[in-house]
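Residue numbers (this note's numbering): 91 to 666.
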Ligand code: MN
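Structure below.
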């Protein structure tokens, strides 16, 4: 009996049991592509969530996650039956299901595109439990991807590799991230996968046999030093990460020392360091290969000691040393934090949440926050436990989507005009209207995360000055201003300056006017009119030049040149 089945049996009227029943009934008669009854899928998802030790609302949502989308059952029915919390998670998962990822080439780099999509994903989720259900959903779909047609397989595998696996990694869920990558790998790299399948198993096996012999020796010296590890076992490197490492090592398997690593789990941090010392006293470490991720965790929270030793027969072996808690967190990341919080009950064998864990949890949130460029000071409210599951890291940003599935990252309050300018200046300039999720909206409409925005353009349309009051991004504002200025220059009009009146005060002398006009002509400025005005009683006549230009840059340059002319006292101009 799986732990999910136990849970249902224990509380046959409980939330999870009722959700199971409801889901089975709603999906009755539906089949998966593989031919199995559809209910297998939500059940498997609920099982995964149970394994991750998530709370009942999340497990129930796992059972119900495809209900609103794929069955006649409605949002209201789910809410009436299971309450707001479960419905919120189900709705979140449904929303995420509508995001489409397309890896096709475009102006935005693939990396930015995937990153924006991951951000959209989190922003739409609002609650990490939504992400957990979606990850469990994807995990099961990947495990059963074989049943789908070829072209779909590739698309889903790509999406998994570029969106879901990195997302799980960000959340510290290495185990899930790694499995997702591995599952996607054969679909994305069939040739490479074949190579690995042909060449790796033997190397794995050889390495495993060797470690099998090493293991009792390790246990023996630890025992001699009064350390009783909780476990010593092997960890084979995953195909997907092995492949990217092999690329860096000329596809030479003998150089991958962590192809199979020895993993030692001990009781405390001090035992981690003691264990490393004892091992190094017997087998010297390979210089430069000691990595202390306990003192310096990876950005996603990963903690462990890694060292490569020179073991008997001069073989290099990677050893990973960590505590059980670290191991759990390394494998399950942010989910592990959640589980200690929800199940922080000594009765079911889990320790209650110590205060230090709260600090760690806040750290998780901080890591997510760091994702954002302008990170704010983190929320350290000790009551904000549940709030740790709230995804508010992107509360100043919204993520809107083009009809082609590209996600644009915009500030809150952004309008279709901001969106249009972010696509391209020309799209912004010629924008006349917008459709959001297929409905026409006004140009000052406030966009929301997940909105699919289609910009309607008209050739030769010019931006309007009133847009300056509507737009939220400086990018759009600058481009509108630039276009408006351009417009004045090319069309002319009454108000826009088109000519300059240059006034030069100089000592009159022979050849002065000739010299001045020559300089003006060399500046490629066309002279309309030139006259000399001499005021009575003034020794310095004014030369007035009217020119056909309003180009300030050009005029400023000209002024500098005119000032250098012998006899010139003052130079200035006005535009009209
Ligand atoms: Mn599903």
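Glycine residues also receive a C-beta, built at the ideal position from the N, C-alpha and C atoms. Because the structure is a prediction, the values reported are computed rather than measured.
Report the rounded CA-to-CA distance for residue i versus residue j, giving the unit in angstroms.
{"i": "residue 594", "j": "residue 588", "result": "20 Å"}
{"i": "residue 663", "j": "residue 607", "result": "15 Å"}
{"i": "residue 305", "j": "residue 411", "result": "14 Å"}
{"i": "residue 247", "j": "residue 381", "result": "32 Å"}
{"i": "residue 356", "j": "residue 535", "result": "58 Å"}
{"i": "residue 187", "j": "residue 167", "result": "20 Å"}
{"i": "residue 105", "j": "residue 184", "result": "20 Å"}
{"i": "residue 251", "j": "residue 533", "result": "36 Å"}
{"i": "residue 648", "j": "residue 609", "result": "8 Å"}
{"i": "residue 384", "j": "residue 373", "result": "21 Å"}
{"i": "residue 323", "j": "residue 394", "result": "15 Å"}
{"i": "residue 351", "j": "residue 399", "result": "11 Å"}
{"i": "residue 335", "j": "residue 342", "result": "10 Å"}
{"i": "residue 397", "j": "residue 340", "result": "22 Å"}
{"i": "residue 650", "j": "residue 514", "result": "38 Å"}
{"i": "residue 611", "j": "residue 666", "result": "20 Å"}
{"i": "residue 314", "j": "residue 272", "result": "39 Å"}
{"i": "residue 375", "j": "residue 293", "result": "22 Å"}
{"i": "residue 300", "j": "residue 162", "result": "57 Å"}
{"i": "residue 348", "j": "residue 569", "result": "53 Å"}
{"i": "residue 638", "j": "residue 618", "result": "7 Å"}
{"i": "residue 622", "j": "residue 655", "result": "16 Å"}
{"i": "residue 490", "j": "residue 219", "result": "22 Å"}
{"i": "residue 118", "j": "residue 249", "result": "29 Å"}
{"i": "residue 240", "j": "residue 557", "result": "47 Å"}
{"i": "residue 631", "j": "residue 505", "result": "57 Å"}
{"i": "residue 38", "j": "residue 646", "result": "There is no way to answer for residue 38, as the model of the chain reaches only from 91 to 666."}
{"i": "residue 615", "j": "residue 509", "result": "40 Å"}
{"i": "residue 502", "j": "residue 253", "result": "23 Å"}
{"i": "residue 559", "j": "residue 507", "result": "11 Å"}
{"i": "residue 459", "j": "residue 144", "result": "In this predicted model, residue 459 has a pLDDT of only 45, less than 50, meaning its place in the structure is not dependable enough to derive any value."}
{"i": "residue 345", "j": "residue 391", "result": "27 Å"}
{"i": "residue 35", "j": "residue 291", "result": "Coverage of the chain is limited to positions 91 through 666, which leaves residue 35 absent and any answer about it impossible."}
Would you please state the rounded distance, in angstroms, between the beta carbons of residue i and residue j? I believe it to be under 8 Å.
{"i": "residue 492", "j": "residue 498", "result": "7 Å"}
{"i": "residue 138", "j": "residue 274", "result": "About 17 Å; that fails the 8 Å criterion."}
{"i": "residue 131", "j": "residue 230", "result": "6 Å"}
{"i": "residue 261", "j": "residue 228", "result": "Between residue 228 and residue 261 the Cβ distance is about 13 Å, and since that is not below 8 Å, they are no contact."}
{"i": "residue 538", "j": "residue 488", "result": "6 Å"}
{"i": "residue 546", "j": "residue 522", "result": "6 Å"}
{"i": "residue 613", "j": "residue 653", "result": "Between residue 653 and residue 613 the Cβ distance is about 13 Å, and since that is not below 8 Å, they are no contact."}
{"i": "residue 142", "j": "residue 222", "result": "7 Å"}
Drop a sphere of 10 angstroms on the beta-carbon of residue i, count the other beta-carbons inside from all chains shown, and report buried for 16 or more, exposed for fewer.
{"i": "residue 124", "result": "exposed"}
{"i": "residue 624", "result": "exposed"}
{"i": "residue 146", "result": "buried"}
{"i": "residue 156", "result": "buried"}
{"i": "residue 378", "result": "exposed"}
{"i": "residue 91", "result": "exposed"}
{"i": "residue 310", "result": "exposed"}
{"i": "residue 601", "result": "exposed"}
{"i": "residue 592", "result": "buried"}
{"i": "residue 360", "result": "exposed"}
{"i": "residue 551", "result": "exposed"}
{"i": "residue 553", "result": "buried"}
{"i": "residue 454", "result": "The pLDDT assigned to residue 454 is 47, lower than 50, so where the model puts this residue is not dependable, and the model offers no usable value."}
{"i": "residue 519", "result": "buried"}
{"i": "residue 371", "result": "exposed"}
{"i": "residue 133", "result": "buried"}
{"i": "residue 289", "result": "exposed"}
{"i": "residue 121", "result": "exposed"}
{"i": "residue 404", "result": "exposed"}
{"i": "residue 512", "result": "buried"}
{"i": "residue 113", "result": "buried"}
{"i": "residue 418", "result": "buried"}
{"i": "residue 386", "result": "exposed"}
{"i": "residue 267", "result": "buried"}
{"i": "residue 164", "result": "exposed"}
Inter-stretch contact (C-beta, 8 Å, three-pair minimum) for the segment 362-377 and the segment 312-322
yes
With three or more C-beta pairs closer than 8 Å as the rule, is the segment 326-337 touching the segment 270-288?
Yes: at least three Cβ pairs fall under 8 Å.
Are there three or more Cβ pairs, one per stretch, closer than 8 Å when the segment 523-530 is compared with the segment 571-580?
no
Is the number of C-beta pairs between the segment 142-155 and the segment 174-181 that are closer than 8 Å three or more?
yes
Below 8 Å, can you find three or more Cβ-Cβ pairs linking the segment 209-218 to the segment 232-239?
Under the Cβ criterion (8 Å, minimum of three pairs), the segment 209-218 does not count as touching the segment 232-239.
Three or more C-beta pairs closer than 8 Å, one from the segment 162-176 and one from the segment 99-116: is that the case here?
The segment 162-176 vs the segment 99-116: in contact.
So if I measure from each beta-carbon to every heavy atom of ligand 1 and keep distances below 7 Å, which residues remain?
Cβ atoms closer than 7 Å to ligand 1 belong to 131, 132, 135, 155, 156, 227 and 231.
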